[in-house]
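Just so you know, we're using UniProt numbering here: the sequence shown kicks off at 1 and counts up by one.
Backbone N, C-alpha and C define an ideal beta-carbon position, used for all residues, glycine too.
One structure below.
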Amino acid sequence: MNMLWLRSPDEIFCLDVDPDYNPANRFKSLDEQQQGILIELREGIPTEWHGDMKDDMLIRTFIDQMNVQRSNGSTRIRRAGPLIFNCSNQTFQNINSRTAAFRELIGFKVGDDGVGSYSTLAPILFKDYGGSFDKWRIFRNPILMKAYSALMRGIGSIEDLSEGDVTTHTSHQTVESKWGVRHITPGAIAMAAIYARFTASEDITFQPVGSETKIDYQADFEYYLKYLHKGLQSKSPSVIDIFAMWNKEFYADIPDVLKNVTGRVDEDLENIINDLDEEGAEAIQREQDLNSREDSDQGEGGGIRQSHERDFSGHSS
């Protein structure tokens, strides 16, 4: 649930676990990224098989199953498209009408040079998109949540929904119940976003780079993952809020959860992620300043201190 593709799988599977690995440093270097992926692989592979992770047969079996799951997911999500995007079957299943209806939503822009390309930070990522990046709207679009529901709970989970709802429980066994999913992860949100973009695209098959759109789905997935992980590690309030919103929708009853086309538009992606560090640091400093003032007031007046602390913890796996 934390990855769609693996870069250099043979290399990653054959790595030794670094006992000094720190999740906070996951995206600082290639070595740290690979250690993060290795840890996630070991979490998803039964413990009794950890000693065989360098075995070629296990690696090939894992990759084959990963490919099957990704293929099944792309088939399911496109079948669910009319429900996810609230349009007719005729509009969605016809590639020309689908492209015309949703090309801009999934990030298509034409530059001053007349060349079209796709933005990593596509409008579909945002709730009530206002024309520019907004950290309090990104990854909050109900479309993404419906995509996640269709993937994890089945297409039936987004049929006949009341207005404002994004999912409903189903009685039969689902991917969610089979895997024992109990909270939202960065990989789950990034995966839903990529599947939603692919579903509305003119690309026929789900590949790392779209054959028609030239969208670099793999690179965009990795960017979304980095954004979400970074926000959690820095305790960025806007990112903590993303997970709180998703967990409320899906796991509120579970305790403790919270063609002349280039690949992409030029965007200041790294600075957007770097801003998360500043946001998190500012939030922590505000809390410390508030606590310091309250301690001072209590010392002077001997009164009872009222707690104004907020929970900035998040769930990541």
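Quick one: what's got a C-beta closer than 7 Å to residue i's C-beta in the same chain, skipping five residues either side?
i      : result
Thr213 : Tyr118, Ser201, Glu202, Asp203 and Val261
Ile95  : Glu202
Ile138 : Leu125 and Phe126
Arg70  : Leu4 and Phe206
Phe133 : Leu121 and Ile272
Tyr227 : Ile273
Val110 : Gly116
Asn25  : Glu32
Asn86  : none
I'd like the span of the alpha helix (DSSP H) that includes residue i, first residue to last.
i      : result
Gly51  : No alpha helix (DSSP H) contains Gly51, which DSSP labels as neither H nor E.
Gly187 : Pro186 to Thr199
Trp246 : Pro237 to Tyr251
Leu30  : Leu30 to Gly44
Asn89  : Asn89 to Gln93
Leu83  : Gly81 to Phe85
Glu11  : Pro9 to Phe13
Leaving out the 5 sequence neighbours to the left and right, which residues in its chain are closer than 6 Å to residue i when beta-carbon positions are compared?
i      : result
Ile184 : Phe243, Trp246 and Asn247
Ser157 : Ser149, Thr167, Thr168 and Thr170
Val175 : Met152
Pro255 : none
Pro142 : Val166
Phe92  : Gly81, Pro82 and Arg98
Check whether the Cβ atoms of residue i and residue j lie closer than 8 Å to each other.
i      : j      : result
Asp220 : Ile194 : yes
Leu58  : Leu38  : no
Met145 : Val166 : yes
His50  : Arg60  : no
Arg79  : Ile155 : yes
Gly81  : Thr199 : yes
Asp18  : Gln35  : yes
Met66  : Phe13  : no
Ala147 : Ile84  : yes
Phe27  : His229 : yes
Tyr223 : Leu161 : no
Per DSSP, what are the beta-bridge partners of residue i in this structure?
i      : result
Ile138 : Phe126
Val181 : According to DSSP, which records beta bridges pairwise, Val181 is partnered with nothing at all.
Asp216 : Val209
Which same chain residues, not among the five before or five after residue i, have their C-beta less than 8 Å away from its C-beta?
i      : result
Ala122 : Leu105, Ile106, Gly107 and Arg197
Asp241 : Trp136
Tyr21  : Glu32, Gln35, Gly36 and Ile39
Assuming residue i and residue j make a contact with CB atoms under 8 Å, what is their CB distance in whole Å?
i      : j      : result
Pro9   : Ile45  : Pro9 to Ile45, Cβ: 13 Å. No contact.
Trp136 : Ser234 : Not really, about 16 Å apart at Cβ, beyond 8 Å.
Arg182 : Tyr251 : 6 Å
Quick one: is the Cβ of residue i within less than 7 Å of any heavy atom of the ligand GTP?
i      : result
Ser234 : You won't find the ligand GTP in this model; it holds no ligand whatsoever.
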